[in-house]
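Reading through the structure tokens given below for one structure.
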Amino acid sequence: MWTEQQAEQVRGQEWSLAAMKSQVARYYNKKMRAHNVAVGSLVLKRDFRPKATKGKLAPKWKGPYRIQEVIGPNTFKLEHLSGKKVKMTWNAQNLRRYEVGEAGRSDYGGEVETGTSSGACL
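Per the numbering used here, the sequence shown starts with residue -17, numbered consecutively.
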């Protein structure tokens, strides 16, 4: 059996754990931001290939791709600029807005067919 002192100590630890979880959630939510991208926006996707095969200075982003469908608040279906669908769904953390400079040339080195996008990240 537990004594009253042991029971009080356990209740204090449970409260402390709940307070800590609440504090971590507030910190996480404060850093989160809305991803204001719509169907048709141009994005780059993160390249997940191992560094050993492509080298340390290789590009970390591939694209551009067009957002085909918004599945959830942070989940998107993509398509190539030619219209071919990408099989996977992509989380917003692995996407970045595609910036277009003057005369349709991208800041990432390549021609853009149609559309414009602004902003540094999703």
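Where is the CB? At the ideal position from N, CA and C, for every residue including glycine.
Local Cβ density within 10 Å of residue i, reported as buried at 16 or more and exposed below that
{"i": "arginine 8", "result": "exposed"}
{"i": "proline 55", "result": "exposed"}
{"i": "serine 23", "result": "buried"}
{"i": "tyrosine 47", "result": "buried"}
{"i": "arginine -7", "result": "exposed"}
{"i": "valine 82", "result": "buried"}
Secondary structure of residue i, DSSP reduced to three states
{"i": "asparagine 18", "result": "coil"}
{"i": "tyrosine 47", "result": "strand"}
{"i": "lysine 38", "result": "coil"}
{"i": "glutamate -10", "result": "helix"}
Anticipated Cβ contact below 8 Å, residue i with residue j, distance rounded
{"i": "tyrosine 80", "j": "glycine 45", "result": "6 Å"}
{"i": "isoleucine 49", "j": "threonine 71", "result": "Rounded, the Cβ-Cβ distance is 11 Å, inconsistent with contact."}
{"i": "valine 21", "j": "glutamate 61", "result": "Wrong, their Cβ atoms sit about 10 Å apart, outside the cutoff."}
Residue i and residue j closer than 8 Å at C-beta
{"i": "leucine 26", "j": "leucine 77", "result": "yes"}
{"i": "aspartate 29", "j": "lysine 12", "result": "no"}
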